[in-house]
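A.B. asks: Here it is: the structure, laid out below.
2 protein chains.
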Amino acid sequence: MTQYVYRFGGGVSDGDDATRGNKNLLGGKGANLDGMASIGLPVPPGFTITTEMCTRYYAEGQSFPDSVRAEVAGGVAHIEAVTGKKFGDASDPMLVSVRSGARVSMPGMMDTVLNLGLNDETVVGLAASSGDARFAWDSYRRFIQMYSDVVLELDHGSFEEALEIAKEDRGYFLDTEMLAEDWQALVAEYKTLVEQQWGKPFPQDVHDQLWGAVGAVFGSWEAERAKVYRRLNSIPGDWGTAVNVQAMVFGNMGDTSATGVAFTRDPATGENVYYGEFLINAQGEDVVAGIRTPQYLTKAARERANAKPLSMEEAMPEVYGQLADVFRILETHYRDMQDIEFTVERGKLWMLQTRSGKRTAKAALKIAVDMANEGLITQEEAILRVEPSALDQLLHPTLDPNAKRDVLTKGLPASPGAASGKIVFDADTAEKAAADGQSVILVRTETSPEDIHGMHAAQGILTARGGMTSHAAVVARGMGRPCVSGAGGISIDSKAKQLRVGDRVLGEGDILTLDGSTGEVMAGSVATVQPELAGDFGTLMVWADKIRRMKVRTNAETPLDAKTARDFGAEGIGLCRTEHMFFDAARITAVRQMILADSEKGRRAALEKLLPEQREDFRQIFEVMAGLPVTIRLLDPPLHEFLPHQESEFADVAAAAGVDVEVLKRRAADLFEFNPMLGHRGCRLGVTYPEIYEMQARAIFEAACQLEVAPVPEVMIPLVATKRELELMKDVVDKAAEAVFAEQGKRIEYLVGTMIELPRAALKAGEIAEVGAFFSFGTNDLTQTTLGVSRDDAARFLTTYVDKGIYPQDPFVSIDEEGVGELIALAVERGRKTRPDIKLGICGEHGGDPRSIAFCEKTGLDYVSASPYRVPIARLAAAQAALRK
Amino acid sequence: MTQYVYRFGGGVSDGDDATRGNKNLLGGKGANLDGMASIGLPVPPGFTITTEMCTRYYAEGQSFPDSVRAEVAGGVAHIEAVTGKKFGDASDPMLVSVRSGARVSMPGMMDTVLNLGLNDETVVGLAASSGDARFAWDSYRRFIQMYSDVVLELDHGSFEEALEIAKEDRGYFLDTEMLAEDWQALVAEYKTLVEQQWGKPFPQDVHDQLWGAVGAVFGSWEAERAKVYRRLNSIPGDWGTAVNVQAMVFGNMGDTSATGVAFTRDPATGENVYYGEFLINAQGEDVVAGIRTPQYLTKAARERANAKPLSMEEAMPEVYGQLADVFRILETHYRDMQDIEFTVERGKLWMLQTRSGKRTAKAALKIAVDMANEGLITQEEAILRVEPSALDQLLHPTLDPNAKRDVLTKGLPASPGAASGKIVFDADTAEKAAADGQSVILVRTETSPEDIHGMHAAQGILTARGGMTSHAAVVARGMGRPCVSGAGGISIDSKAKQLRVGDRVLGEGDILTLDGSTGEVMAGSVATVQPELAGDFGTLMVWADKIRRMKVRTNAETPLDAKTARDFGAEGIGLCRTEHMFFDAARITAVRQMILADSEKGRRAALEKLLPEQREDFRQIFEVMAGLPVTIRLLDPPLHEFLPHQESEFADVAAAAGVDVEVLKRRAADLFEFNPMLGHRGCRLGVTYPEIYEMQARAIFEAACQLEVAPVPEVMIPLVATKRELELMKDVVDKAAEAVFAEQGKRIEYLVGTMIELPRAALKAGEIAEVGAFFSFGTNDLTQTTLGVSRDDAARFLTTYVDKGIYPQDPFVSIDEEGVGELIALAVERGRKTRPDIKLGICGEHGGDPRSIAFCEKTGLDYVSASPYRVPIARLAAAQAALRK
C-alpha cells in the first residue's frame, strides 16, 4: 500500500534513500525538514502528507481514504510521543503548525496555520503548563485569526478591526500592551465573528481543526490564484502539494527563548561569515514585522555596525555554538549556502527551515568559487551555481543601493549598467558635449543608425519607444552603454528640447540618471558603484571554458568593440555588421551618392570612394581578431535608412554626384517603404545592385591580404530565402576574391555562407547548404517573421502578451523554442544532411541569452555570438548547457 | 541495340505503339510527322534522330557512334527510295531540310536549314530537273545563307549586305527582280564570304553538309541562350533535342504549287469553320514575310471579307478537297483543333506540320464545349482544354484589338478588364465626378483603405506603386474594376494634379485608358468590347461543378460583391473583411473616436455607435448568402490606418469624443509603426482591446438572429500565432454569442476558427486546432512572413527576382509551393491530426490562381475562396485539379 505520511524528528525519519530529499514527493519544505531530521538536527517532530495524496484527493472527489486517516493518526501519535504531550489534552496540550509545501514555492497556496490544537479547554492547560496566561490567550486568538482567514476564508479585515477596537477601547497603542484578560475577551469576540460569518461555532475538536487545515491546504492547490500562477510559470497541475504538520515551538517563552533567521555565508558579498539576526522572547513573525529591531548574530557583525544590543554569540553563547555547528553540518550536507529559520525555546535550539539562500550575483560567484576551492562542491557544480545573466551586474557600474533616488518613471531594462548625465536630445549635441568633457544622457523618442555617434558619445541612452531589441537597445548593449528603452511614461518634444513625465518637465542640460538593469529613470544625479572584476570571475571563466562545447564569438563592428570582446574571451566575430560603417560622417555623402544614383555607373563612382574606407575598417578589425574567424555580413538594411533628411544634406549629395537636388529628392521619395523590415534589403540589394557587394567583398579581401596573420573571413549573405540568391551572391564574392588574389599574388582562406533569418530559408536549408559553407541563425529577424512581430513596434502589445500567458517570455529576449526553435532545428537537420561539416552558429541577440544558449547547445550549434559585454555570460551559459545536456 | 533513327513518310512509319507520338523520344515536331505518316497523310519522307542520341552525343564527347552513321545512311536511303531521287545526284538531286525538335518549342535552339544537298554541281541538276534556273540558283543562295548563319555561325549581316549591294548595283528594289544569273553571281560572292570568314570553302560534299547541320542542332542544345531559357523554364538539361531530316517540297514551282497555313477551326471565335491563308507559287517564308498578301482558304471567308483574289477552295478545288479531308482526319486523330502547315508542289499536297492550335479564350471555350458535344472528346477533357485564367478575359470588357493605342507606359496587369475615363487624383473627386455621370480613372501613387469609395466610383484604377497584391490590386479585383498597379514609369504629383510619363504631362480631366489585362496605360480613349457570356460558358461551368471536389467561396465584404459572386456560383463567403466597413464616411468619426480613446470606457462609447451599423452590414450580406457559410474576419489592420490626416478631421473626432485636439494628435502619433504589417494588428487588437471583437461578434450574432434563413457564421480570428490567443478570442466570441442568444431567445449554429497566416501558426497548427474549428490559410500574409517580403514594397525587386530565376513566378500570384507550401501542408497534417473534421480553406489572393488551386487540391483543402470575378476561374481550376490528381 502506498505510504502517504512520512514522519520526521525525535530521531525518526521515515524517508529512505529513494524519498530522502525528494521534493517531488514531500514538497520543498517537507523534504528539507526530513533532510534535517535524517542528519540528526533538532527539528520539532512532525509529519508530511505527500503530494501523491493531493493528486489522489482530487482524483477521488476531494476526499481522504481511511488508510490516510490512520496514517495521520500515527503521525500525530509520533509528535505526541516525542513531545510527551497529547493533542487536545486539557492540561498540557500539544500544539502543531500546518503548512503547505509544493515542489516549488508558489504564491496563491495556503501558507501557515500556527498553534493548531488550541480550544476553549486546551488554552487553559497551555496557560497552566507555560505558566503564562497572556501567552496562552494571545496564542489562541492568533490561531483563531489565522484559521478563520486561511482555512475558513472569512473576512480577515473584521478580525483586525476587532483587535484595533479592543486596543482603542482600552487606550492601548501596541499589541504588547494587551493583557491576558484582554486577549481572552478578544477570543470571545473572534468566536462570535466566526459564528456570524461561518454560520457555525469555531471548531473545538482538535482533530476537526487538523483535518480542516489539511483540506484547506489541498483545496488551495486549485484556487484561482494558484492556477493562474501555475499557468504563467508552466507548472503542471498534477504536481500537487504536500502538507506539513509539525509540533509548535515558541521563541516567546521568556528571555531564554528567541527566534531568528540566518545565512551560512554573507548573501551580499559571499564572504564565508555567518550572517543573520535574532530577537529574544519573540515569535518568528516579530522578526519580519519590524516592530522591534533585531540583534546581530555574531559579535563581529555587531562591532562592525557599532551596535549596542548584544549579539547572539554574546547573549546566548551556548546555543550560538550549537547553531554554528548546525551551519557547518547543513553546508556539508546540502553543499550550498543555506537560509535558515530557528527558534530557541527555553534554551533549546530548534531548526524550523533550511533552504538554499538567495544571494547577489557577486556573492553567488564568490560562494561558488570558494566552495569549489574548499572541496565542498566540484568545479562543474560551481559553474552551475552562478546564474549567467547575473554576471551582467558585475560587468557594469551599478547605482549605489544606499543613494536616494527620485524615480520619474520606469522603462525596459534594455542595456545594463547605470549612468548620470546632462540631458541632450540629439546625437550631434551629445557628441559636442562629450567632446567638451561633459557626461550626457541621450534622450530620443527612438534611435536610428544615424544616432550611433551620439550613442557612443553618451553615458546612457533613454528612448520613449522600442522594446528590448529595438535599435537603441541592441546598439547600447553592443557598446556596453546603459539604456532604458520604451519608457512609455515619458513624452519627448525634441524641437522644444523637453522631456515630459506626468506633470514634470525636464529640459536640455538637466541631470538624469538611468538604471539600465532595472529600467528606472531618475531625476538628478545618483551615486554609482564601479564594478570589481575580482579573481573569482576569472577563475570561474577558466573552469567554464574547460567544460563548454560551443565556441563563443561576439557581435562587433568596430575595433574597440572587437578589442573589448576579445578581452572578455570572444573566440572570433560572429556578426560584423557593415552598415554602421556607412554612417561615418566622412563617408555618408558618398554613401548617399551611391544610393541615389540611378545607374550602375553612378553607383560604382560612389563605391570607389567608399572602398578604401571600408578596407581600412576591416583591416583594423582583422588585426584585433588575428587568426580568428570573422563573419562579415554584407550590407543589409534598406537603403533609405541612409537617406539625407535636411536640405543641406541633399545639397551636399547633389554637389558630390553632380545631380539636380529635385531629381535626388524624387529618387529619395521613391525609396520609401511601408514595411522596410520586409523590403528591399539584405541580399535583395546584392541581387539588384551586385556592385555594392562586389565593393564590400573586395574591401574584405584586400584588407585580409594586407595582414601578416590573416583572419579567416567568413563572408555572410543576409536575408537569403532561396538557394539561387546565395548562388548569385557567392559568385560575386568569389569573383572579387579571385581578382584580389590575382592582384596581390597571394591567397587566403575564406568561406561564404548565409544568415538563416527567414522561415523559407530554414525550410530550404537542405538546398541552401549546397552553396553555403556556414549558417548563422539571425534569430532577431527569424523571430520577427515567424511570429509576424516587428520588434520595433511590439512594445505596445508584447507586455500584455506576456502578462496573459501568450508567450512565456519576450520572444526577442529568449528564443521562442516551440515556433522559431522548430525552424532552427529543422534547418540544422536539413543543412547537416546536405553538408555534414557545415558551420552552424547564432548571431541574433539571443546569442547572449542563457536560456537561448541552452537551446543552441541542445540543437547542436557550433557557436553562439553575443555582444561584447555578454561574452562572459555566454561562456558561462554555454558551459552550463553542456553540463546539463 | 538502341534505335536512334526513326523513318517516316511514303507508307513507312518506324514508330510503334510505344514510340508513336512520343515527344520525349522524337521531339514535338518529329512526333507529329511520325503521327501524320502513321495515319496515311501525305508527309514528305524523312527521318528523326532521337533525343536519346543527343544525350549520348554529349555523354561521348560530342561525337556520333558508327551505328548511328549507318542508321542515318538508312534514313537517307529511305528518302531516296520514296522520292526516286539521289542525295547529291548531279542530274536530279534530292534536297532535304534539317530542323531541331525538342519536347517543347524552345528559343535559342537551331531552327531550320532548307535546301540542303545543293552544291555547285547539284544546283545545275536542279535547274534542269525543275526547268527553272532562277529557282535553282535562288534555292542555292538561300541554302548557303542559312547554313552559314545557323550551322557555321558566320556573320549573317554580311550576307544580307551583299544581297542589298547586288540589288542596288542592278537598280533592283525587290528580290523578285533578281534573275537566275544575278543569283548565280551572288552565290559566288557568298562562297567568297564563307571562305573569308570560316577559313575553308563552303562544303560541297552533301554528306558533310548533312552531318554539319545535325551537329549544329545538337550543339545548339548547349548554347548559352538555350541554357538560360531552360533554367528560367525549369527544363532539364538532359531532355536533349531530336533532329528531323526531311525531303524538300517546293510551293514555288509555278501556278500549280502553293504554300499555306491553316487552323481546323476559327482560332479567334472557335467556330467550326476552316480558317487559314495560302499563296500560290510561294515558299513558306513568303507567307510569313508579308510581302505578298495571302489569299483566303475558303470561299465563305473570302466573301465575308469582300476580297477579290480567289480562295483556295475556288482556285484549287481538288487539292482543297484533299486538305479538308486531312483536317477531318487530324481532328479525329488528335482530338483537338490543329494548326497546320502545308505545301502544294505541282498539284500534290504535302503536310509539313501539325500541332494543337493556339486560340483565344473565347475560342478555347467554344471548341472545348463543341468537341465534347460532337463526341470528339469527353466532358472531362473539355474541362481540361480551357485555361482557367483565360476566362478572366471573358468576364470583363476588353479593348477593341483593332483600335489605335497611344501607349504611355506599362505597369502590372493587376485587375483585368479595360476602361477609359477622365483622370482624377483623389477619391472624393472621383466620387463627385461619378455622381455627375462622368467616367473617371482614379490615379494614385498608391491606394489605402480610405480610397475605397473613390475606387468604387471609378471605372479603373492606376497606381504608380504596389505589386499584384497591393491594396489597389486586391480591392480592384474584388470589385471587378480594371487596375494597373506599380506603373513605375509614371510619377504623380497629386497636389499639382499632374501625372508625368517621361516628358509627357497629363492633368485632371485628361482622358486615360487602362488595360488591366496587359498593364498598358494609354492616353486618350480606346474603344472597348463588352463581354458576351455565351451559353458555352454556363455549359462548361456545369460540367466543372460535377467534377470538382473543393468548394468555391468568395472574398466579399459588400452585399453587391456578395451578389456578384453568388451569380458567378460562389458557395459561400470565405473571407468577409470587416475593416472596409469602418471607412464609411458616416462611421469614420466614431471609428476614430474609438481608436483614439485612451480607456476602455472611451472605446466602448464609440463602439456602441458602431454596433448598429456593423449589424446592418452583416444582415445584408447574410441575406444574400442565405443558408451558406459566411466567414467573417474580425478587425485586422493596424489602427493607424483609420487615423485622421487633416486638421478638420481631428477637430471632428475631438468634438465627438469631447477631447482636446492636441491630446488626440499625440495619441495618433503614438500609433505610428515602423512595420505595420508586423505590428499591432489582427488578434493583437482583440487581445489588447477585447471590446472591439466583442462588438463585432455581437453585431454578427444579432444580425444572424434577425434572419429567417440564417447563414452559418464562421467567426475568424486573424493573425493568430499561438493557441492561447485563439483561446482568449474564442472566449470573447462565445460570451457575446451566449449573451445575444439569451436576449433573442434563439440560438444559431456558428463556428470559431482562425487564419493561418504566420509561420508559427502553421507550425503550431496541431495545438491551435484544439481550439479552432476551421483554418483559413491567409496566403498573402503567410507569403509575406515566410519569404520576408512586403507585398507593398516588393515591386522594386520582385521583377528582377523572377528574371534571375530566383522565384519561378511572383509568389504573391502563385503560391511558393516549396516554402509557403511546405508550411501549409504541415499545418494541414497537424491540424487534421488533432481535429480530423477541421474545415480547411484558403482565402489569400492565391485562392483565385489556378496553379495555386491545384496545390490546394493536392494538399487536400476543403475549399478555396476567390474574389467575385475569379469565382468561375476557381470553379474550373478546381475541376481541373480534381481531374489531374
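Protein chains in written order, with our numbering: chain A, 2 to 886; chain B, 2 to 886.
Positions of the beta carbon are idealized from the N, C-alpha and C atoms, including for glycine.
1. Buried or exposed, going by whether 16 or more other CB atoms sit within 10 Å of the CB of isoleucine 462 of chain A?
2. Interface residues of chain A around methionine 678 of chain B at Cβ under 9 Å?
3. Would you kindly work out how many angstroms separate the C-alpha atoms of arginine 682 of chain B and methionine 696 of chain B, rounded to a whole number?
4. Step through the CB atoms of chain A and report whether any lies within less than 9 Å of the CB of alanine 875 of chain B.
5. Is valine 803 of chain A near the ligand ZN, going by C-beta to nearest heavy atom under 8 Å?
6. I'd like to know if the region 428-435 of chain A and the region 481-491 of chain A are in contact, where contact means that at least 3 CB-CB pairs between them fall below 8 Å.
7. Using Cβ-Cβ distances below 8 Å, what residues of the region 744-761 of chain B are close to chain A?
8. Assuming proline 268 of chain A and lysine 359 of chain A are in contact, meaning their beta carbons sit under 8 Å apart, how far apart are those beta carbons, in whole angstroms?
9. Can you pull the chain B neighbours of aspartate 794 of chain A, defined as C-beta to C-beta under 8 Å?
10. Here's the rule I'm using: 16 or more other beta-carbon atoms within 10 Å means buried, otherwise exposed. How should arginine 885 of chain A be labelled?
11. Determine, using beta-carbon pairs with one atom in the region 20-28 of chain A and one in the region 88-96 of chain A, whether at least three such pairs fall under 8 Å.
12. Would you call leucine 635 of chain A buried or exposed, if buried means 16 or more other Cβ atoms sit within 10 Å of its Cβ?
13. Since proline 677 of chain A and asparagine 676 of chain B are thought to touch, with beta carbons under 8 Å apart, how far apart are those beta carbons, to the nearest angstrom?
14. Measure how close the beta-carbons of threonine 464 of chain A and glutamate 447 of chain A come, nearest whole angstrom, since I'm counting them as under 8 Å.
15. Taking the beta carbon of glutamate 580 of chain B as the centre, do at least 16 other beta carbons fall within 10 Å, making it buried, or is it exposed?
16. Nearest to lysine 731 of chain B by CA position, among B:Asn253, B:Glu715 and B:Trp212, is which residue?
17. Give the straight-line distance between the Cα atoms of methionine 95 of chain B and tyrosine 808 of chain B, rounded to the nearest whole angstrom.
18. So alanine 657 of chain A and alanine 598 of chain A are supposed to be a Cβ contact under 8 Å. How far apart are they, rounded?
19. Hey, would you say aspartate 15 of chain A sits closer than 9 Å to aspartate 35 of chain A, going by beta carbons?
20. Please list the partners that serine 492 of chain A has in chain B, where partner means a Cβ-to-Cβ separation under 8 Å.
21. Can you give the beta carbon distance from glycine 271 of chain B to alanine 364 of chain B, rounded, assuming they're within the 8 Å contact cut?
22. Quick one: what does DSSP say glycine 322 of chain B is sitting in, helix, strand or coil?
23. Helix or strand or just coil, what does DSSP make of tryptophan 222 of chain B?
24. Please report how far the alpha carbon of aspartate 150 of chain B lies from the alpha carbon of glutamate 190 of chain B, in whole angstroms.
25. Taking 9 Å as the threshold (C-beta atoms), are glutamate 758 of chain B and threonine 780 of chain B in contact?
26. Would you mind working out which of B:Asp206, B:Ala459, B:Trp138 and B:Ser221 sits nearest aspartate 183 of chain B, comparing C-alpha positions?
27. Output needed in chain order: residues of the region 646-670 of chain A with a Cβ under 8 Å from some Cβ in chain B.
28. Are the C-beta atoms of glycine 28 of chain A and some chain B residue less than 9 Å apart?
29. Could you tell me whether any Cβ in chain B is nearer than 9 Å to the Cβ of aspartate 599 of chain A?
30. Counting contacts by CB-CB distance shorter than 9 Å, is isoleucine 807 of chain B in contact with chain A?
31. In the DSSP assignment, find the unbroken alpha helix (DSSP H) run with valine 370 of chain B in it and report its ends.
32. Starting from the Cα of glycine 216 of chain B, find the closest Cα among B:Leu686, B:Met54 and B:Val188 and give me that residue.
33. Whole beta strand (DSSP E) runs in the region 510-574 of chain B with 3 or more residues, listed along the chain?
34. Going by alpha carbons, who is nearest to alanine 488 of chain A out of A:Val476, A:Gly520, A:Pro108 and A:Asp504?
35. Can you tell me the Cβ-Cβ gap for isoleucine 574 of chain A and methionine 626 of chain A, rounded? I've got them flagged as a contact below 8 Å.
36. Looking at chain B, which residues of the region 715-739 of chain A have a Cβ within less than 7 Å of any of its Cβ atoms?
C.D. replies: So, from the data block:
1. Buried: at least 16 other Cβ atoms inside 10 Å.
2. Against methionine 678 of chain B, the close residues of chain A are Phe675, Asn676, Met678, Leu679, Gly789 and Ser791, in the order they occur along the chain (beta-carbon pairs closer than 9 Å).
3. Approximately 17 Å, taken between the alpha carbons.
4. No, because no Cβ of chain A sits closer than 9 Å to the Cβ of alanine 875 of chain B.
5. The ligand content of the structure shown is nil, which means the ligand ZN is not present either.
6. Below 8 Å, too few C-beta pairs join the region 428-435 of chain A and the region 481-491 of chain A to call them touching: fewer than three.
7. Against chain A - using a Cβ distance shorter than 8 Å - the residues of the region 744-761 of chain B are Glu758, Leu759, Pro760 and Arg761.
8. Rounded, the Cβ-Cβ distance is 6 Å, consistent with contact.
9. Per Cβ cutoff of 8 Å: Glu674, Phe675, Asn676, Pro677, Leu679, Gly680 and His681.
10. With fewer than 16 other CB atoms across the displayed protein chains lying within 10 angstroms of its CB, arginine 885 of chain A is exposed.
11. Contact between the region 20-28 of chain A and the region 88-96 of chain A is absent, because fewer than three Cβ pairs lie under 8 Å.
12. Note on leucine 635 of chain A: 16 or more other CB atoms within 10 angstroms of its CB, so buried under the neighbour-count rule.
13. That belief holds up - the Cβ atoms of proline 677 of chain A and asparagine 676 of chain B are roughly 7 Å apart, short of 8 Å.
14. Taking the Cβ atoms as the reference, threonine 464 of chain A lies roughly 5 Å from glutamate 447 of chain A, within the contact range of under 8 Å.
15. So glutamate 580 of chain B counts as buried.
16. Of B:Asn253, B:Glu715 and B:Trp212, the residue nearest in Cα terms is B:Glu715.
17. Going from the Cα of methionine 95 of chain B to the Cα of tyrosine 808 of chain B covers about 49 Å.
18. The C-beta distance from alanine 657 of chain A to alanine 598 of chain A rounds to 11 Å, too long to fall under 8 Å, and the pair is not in contact.
19. Yes, these two residues count as a Cβ contact at 9 Å.
20. Chain order gives the chain B residues near serine 492 of chain A as Arg667, where near means a beta carbon separation below 8 Å.
21. Contact flag correct, Cβ pair sits at about 3 Å.
22. Glycine 322 of chain B falls in the helix class under three-state DSSP.
23. In the three-state reduction of the DSSP assignment, tryptophan 222 of chain B falls in the coil class, being assigned neither a helical nor a strand state.
24. Whole-angstrom Cα-Cα distance: 15 Å.
25. Yes, the Cβ-Cβ distance between threonine 780 of chain B and glutamate 758 of chain B is below 9 Å.
26. Residue B:Trp138 is the option with its Cα nearest to aspartate 183 of chain B.
27. Contact residues of the region 646-670 of chain A toward chain B are Arg667 (C-beta to C-beta distance below 8 Å).
28. At a cut-off of 9 Å between beta-carbon atoms, glycine 28 of chain A makes no contact with chain B.
29. Aspartate 599 of chain A does not count as touching chain B.
30. Yes, isoleucine 807 of chain B counts as interfacial toward chain A.
31. That run of the alpha helix (DSSP H) goes 362-375.
32. Of the residues B:Leu686, B:Met54 and B:Val188, the one whose Cα lies closest to the Cα of glycine 216 of chain B is B:Met54.
33. Qualifying beta strand (DSSP E) stretches, in chain order: 512-516, 521-524 and 552-556.
34. Closest by alpha carbon: A:Gly520.
35. Taking C-beta atoms under 8 Å as the contact rule, isoleucine 574 of chain A and methionine 626 of chain A qualify, at a distance of about 6 Å.
36. Listed by position, the residues of the region 715-739 of chain A near chain B (Cβ gap below 7 Å) are Leu720, Ala722, Thr723, Arg725, Glu726 and Leu729.
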